[in-house]
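These notes concern the structure reproduced below.
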Amino acid sequence: MQGNVDRKVYVQVLIVYAATILVFAVLYAALAFVVITRQSQVIRQEKVKVGKIAVDHFVNNALSPLVDDDLLTLNVLLKQANSVPGLRFACISDQSGKIKAHSDPTKIGTQYEEVSNPEARIHDGDADYATYVAPTGERIMAISRPVTLLNETLAYVHAGLSLSLIDSAIIRERSKAVRSFVGLGLAIAAALTGAAIASVLLFRAALTGRKEESAQEGGQEVKEVTIGLSVPMGEGMRRNQVSVLFVDIKGFRAYAEKREPNRLQEDLGEYLSIASDVVRKFGGHLDKLVGDAIIAVFGNSPMAADHAETALNAAIALQDAFNKKSANGNGLLSKVAIGISSGIILSGVVGSGARKELALIGESFRTAYSLNVLAGAGEIIMSKEAYRLLEDKVSVEPLPPREIQQRTRPWESFRLLRKV
């Protein structure tokens with residue numbers, strides 16, 4: 000009788016396990032498809048936005064040189080196109096189509112050729128977007144906008160954005176995401192297998208230890224094994240324009256080696272308490288506390304207009320508070336460096352059950368860390384994107400371009416001198 004019950008239990012557990020694996024595989028594959036597709040869309044939108052921003056920049060800065068017929072300034076302006084990732088060309092033509100300035104100086108004075116047979120053409124406001132295949136086989140999005148003065152068109156700005164390059168970047172990121180999902184799926188499948196084996200062993204132990212009358216009644220105690228599933232990006236992820244502070248202590252290890260453990264604990268506690276209070280006072284979100292490093296996010300809402308200035312005010316208030324308190328003997332407070340970056344991040348609640356948390360993902364965190372590395376004790380370094388949002392409110396010292404890990408081009412950063 001016992002053997003029959005054992006076999007029945009084993010079969011039931013195996014059926015439940017197989018059904019669980021099947022359901023998990025279907026749901027997990029659907030989730031992976033949704034997440035990877037959404038990620039690809041976000042990457043494409045961000046890459047195309049870079050080209051649109053570049054064209055807007057050229058339009059906004061070309062008006063004065065056009066009025067003054069300053070062709071030298073126009074060509075210097077368009078040379079910036081060579082530093083924009085994926086931008087194949089940029090030029091300014093007059094109403095007749097003659098090129099007055101070009102990122103390739105050899106084409107100045109030639110006629111700009113409009114896209115005659117585009118794959119697709121979209122008009123958005125005063126901008127025209129035409130997709131076509133270049134003779135090289137590369138897919139290009141041609142973006143055109145007029146430069147106007149008092150409702151009169153003075154010239155046109157044209158730029159070509161490589162869609163093939165964007166597609167290659169999407170394929171690389173998609174491959175990384177697929178590998179991550181496959182690895183996570185295998186880990187969860189292994190955990191489910193372990194849970195099934197544990198369930199069989201628990202059933203066997205329960206059945207063996209029961210009296211015959213309990214077995215006949217089918218009474219058996221089953222310990223449930225629950226496996227929580229947490230994914231990197233869940234439903235409801237949103238894009239937000241934010242500013243990120245990366246606060247860290249320079250020379251912390253050397254300081255810690257010379258300090259009594261109890262005193263070091265007090266010093267570190269005071270540092271974290273001051274930082275937390277200031278960040279909350281300015282409405283920031285404390286994202287992470289990692290050792291002596293503090294990561295805070297400001298303006299975590301779609302296109303918040305004042306997040307960069309709020310982050311700057313918080314950084315200045317942090318350094319002021321640290322300087323005042325350092326007079327009490329806490330040497331850590333005079334060694335604090337701060338990096339500020341601005342950009343777009345993804346945010347959303349991930350996890351399951353009681354283990355849910357807010358996840359923030361984006362390049363701005365890596366940039367803020369890199370800026371913090373450049374900053375000295377007591378300094379505040381901001382990124383080019385943050386400076387563009389604050390340039391009329393700050394006095395800065397531009398820093399030489401630096402090569403940052405995993406970036407292929409130099410980028411600019413600025414040391415804050417004072418707020419004006």
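If you read the sequence shown in numbering that gives the first Met the number 0, its first letter stands for residue 0, the second for the next number, and so on.
Yeah, the Cβ is synthetic: ideal placement off N, Cα and C, and Gly gets one too.
Practice task
Let me know the alpha helix (DSSP H) ranges lying completely inside the region 241–316, each 4 residues or longer, listed in chain order.
Solution key: 251–257 and 260–280
Practice task
Excluding the 5 residues preceding and the 5 following Thr109 in the sequence, name in chain order all residues of the same chain whose CB lies nearer than 7 Å to its CB.
Solution key: Walking along the sequence shown from the start, residue 109 turns up at place 110. Answer for Thr109: Ile98, listed in chain order.
Practice task
May I ask whether a heavy atom of the ligand MG can be found less than 7 Å away from the beta carbon of Ala295?
Solution key: As far as ligands go, the structure on display features none, and thus does not contain the ligand MG.
Practice task
Whole angstroms is fine: what's the gap from Asn322's alpha carbon to Ser412's?
Solution key: In the sequence shown, counting from the first residue as 1, residue 322 sits at position 323. In the sequence shown, counting from the first residue as 1, residue 412 sits at position 413. Each residue's Cα considered, the two are about 24 Å apart.
Exercise for the section: Only counting runs of 3 or more residues, tell me where the beta strand (DSSP E) segments fall wholly within the region 50–135, in order along the chain. Expected result: 86–92, 98–101, 119–123 and 126–132
Practice task
Name the two residues that bound the continuous beta strand (DSSP E) containing Ala154.
Solution key: Mapped onto the sequence shown, residue 154 falls at position 155. From DSSP, the beta strand (DSSP E) with Ala154 extends over Glu151 to Ser161.
Handout entry: Sufficient close CB pairs (3 or more, under 8 Å) joining the region 254–266 to the region 276–283
Key = no
Practice task
Note down, in chain order, each residue of its chain lying with its Cβ closer than 7 Å to the Cβ of Lys46, except the 5 sequence neighbours on either side.
Solution key: Working through the sequence shown from its first residue, we reach residue 46 at position 47. Here the set comprises Gly85, Ile165 and Ala168.
Practice task
Note down, in chain order, each residue of its chain lying with its Cβ closer than 7 Å to the Cβ of Ala133, except the 5 sequence neighbours on either side.
Solution key: By 1-based counting over the sequence shown, the position of residue 133 is 134. Here the set comprises Ile139.
Problem - Residue-chain proximity (Val348, chain C), Cβ-Cβ < 8 Å - result: Within the model displayed, chain C is absent; a lone protein chain is all it includes.
Practice task
Provide the residue(s) that pair with Glu423 in DSSP beta bridges, ordered along the chain.
Solution key: Summary: the structure shown does not reach residue 423, with the chain confined to residues 0 through 419, and so no result is reported for it.
Handout entry: Ser275 versus Ala320, Ala307, Gly136 and Val241, residue with shortest Cα-Cα distance
Key = The residue labelled residue 275 in the question sits at position 276 within the sequence shown. The residue with the shortest Cα to Cα distance from Ser275 is Ala320.
Problem - Validate contact between the region 76–92 and the region 146–165 using beta carbons, cut 8 Å, 3 pairs - result: yes
Practice task
Would you decide whether Thr147 is buried or exposed? Buried here means 16 or more other CB atoms lie within 10 Å of its CB.
Solution key: On the sequence shown, position 148 is the one that residue 147 refers to. When all chains shown are included, Thr147 counts as exposed.
Exercise for the section: Classify Arg417 as helix, strand or coil using the three-state DSSP reduction. Expected result: Numbered from 1 along the sequence shown, position 418 holds the residue referred to as residue 417. Strand at Arg417.
Handout entry: Pick from Pro104, His122 and Tyr131 that is closest to Asn116, judged by C-alpha positions
Key = As a first step, residue 116 is located in the sequence shown; it is residue number 117 there, counting from the start. The shortest C-alpha separation from Asn116 is found at Tyr131.
Handout entry: Beta-bridge partners of Gly342, as assigned by DSSP
Key = In the sequence shown, the residue the question calls residue 342 occupies position 343. Its beta-bridge partners are Val241.
Problem - Reduced DSSP secondary structure (H/G/I, E/B, other) of Glu411 - result: Counting from 1 along the sequence shown, the entry for residue 411 is found at position 412. Glu411: strand per DSSP, three-state reduction.
Handout entry: Rounded separation between Lys257 and Leu415 - CA only
Key = Residue numbering aside, residue 257 sits at position 258 when the sequence shown is read from its first letter. Residue numbering aside, residue 415 sits at position 416 when the sequence shown is read from its first letter. Looking at the two C-alpha atoms, the distance is approximately 31 Å.
Exercise for the section: Buried or exposed for Phe245, please, with buried defined as at least 16 other CB atoms from any protein chain shown within 10 angstroms of its CB. Expected result: By one-based count along the sequence shown, residue 245 stands at place 246. With 16 or more other Cβ atoms within 10 Å, it is buried.
Handout entry: the region 325–333 touching the region 387–402, judged by at least three CB pairs closer than 8 Å
Key = no
Handout entry: Reference Lys175, options Val34, Thr72, Ala80 and Tyr128, closest by Cα
Key = The residue given as residue 175 occupies position 176 in the sequence shown. For the residues Val34, Thr72, Ala80 and Tyr128, the minimum Cα distance to Lys175 belongs to Val34.
Practice task
Please determine if the region 62–72 and the region 181–196 are in contact, where contact requires at least 3 C-beta pairs separated by less than 8 Å.
Solution key: no
Practice task
Would you kindly check if the distance between the Cβ of Tyr27 and the Cβ of Gly182 is under 8 Å?
Solution key: Within the sequence shown, the letter at position 183 stands for residue 182. Within the sequence shown, the letter at position 28 stands for residue 27. No; because the gap between Cβ atoms is not below 8 Å, this pair is not in contact.
Practice task
Determine the DSSP secondary structure at Glu396, reduced to helix, strand or coil.
Solution key: In the sequence shown, counting from the first residue as 1, residue 396 sits at position 397. Three-state result, Glu396: strand.
Exercise for the section: For Ala374, name the three-state secondary structure that DSSP assigns. Expected result: For this step, residue 374 is matched to residue 375 along the sequence shown. In the structure shown, Ala374 sits in coil (DSSP, three-state: anything other than H, G, I, E or B).
Practice task
Whole angstroms is fine: what's the gap from Glu396's alpha carbon to Ile343's?
Solution key: Along the sequence shown, read from residue 1 onward, the residue named residue 396 stands at position 397. Along the sequence shown, read from residue 1 onward, the residue named residue 343 stands at position 344. Those two C-alpha atoms are separated by around 25 Å.
Exercise for the section: Report buried or exposed for Ser394, applying the criterion of at least 16 other Cβ atoms within 10 angstroms of its Cβ. Expected result: For the purposes of this step, residue 394 is taken as the residue at position 395 of the sequence shown. Per the 10 Å Cβ criterion, exposed.
Exercise for the section: Look at the alpha carbon of Val22 and the alpha carbon of Arg173, and state the distance between them as a whole number of angstroms. Expected result: Counting from 1 along the sequence shown, the entry for residue 22 is found at position 23. Counting from 1 along the sequence shown, the entry for residue 173 is found at position 174. Distance between the alpha carbons of Val22 and Arg173: 24 Å.
Practice task
Would you give the residue range spanned by the beta strand (DSSP E) that Leu388 belongs to?
Solution key: As a position in the sequence shown, residue 388 is number 389, starting the count at 1. It is not in any beta strand (DSSP E) - Leu388 instead sits in the alpha helix (DSSP H) that spans Lys383 to Leu389.
Problem - Residues sharing a beta bridge with Val146, DSSP - result: Within the sequence shown, numbered from 1, the residue matching residue 146 stands at position 147. Bridge partners of Val146: Ala154.
Handout entry: Straight-line gap, Gln11 to Ile20 (C-alpha atoms, nearest Å)
Key = Working through the sequence shown from its first residue, we reach residue 11 at position 12. Working through the sequence shown from its first residue, we reach residue 20 at position 21. Cα to Cα, Gln11 sits roughly 14 Å from Ile20.
Practice task
Given a cut-off of 8 Å, decide if Phe57 and Val243 are closer than it, judged by their beta-carbon atoms.
Solution key: If you number the sequence shown from 1, residue 243 lands on position 244. If you number the sequence shown from 1, residue 57 lands on position 58. Not a contact, by the Cβ cut-off of 8 Å.
Handout entry: Coil, strand or helix - Ala336 by DSSP
Key = Along the sequence shown, one-based indexing puts residue 336 at 337. In this structure, Ala336 counts as strand in the three-state DSSP scheme.
Practice task
Give a yes or no on whether the C-beta atoms belonging to Ala80 and Ser102 are separated by under 8 Å.
Solution key: As a first step, residue 80 must be located in the sequence shown, where it is residue number 81. As a first step, residue 102 must be located in the sequence shown, where it is residue number 103. In contact: Ala80 and Ser102 (Cβ atoms closer than 8 Å).
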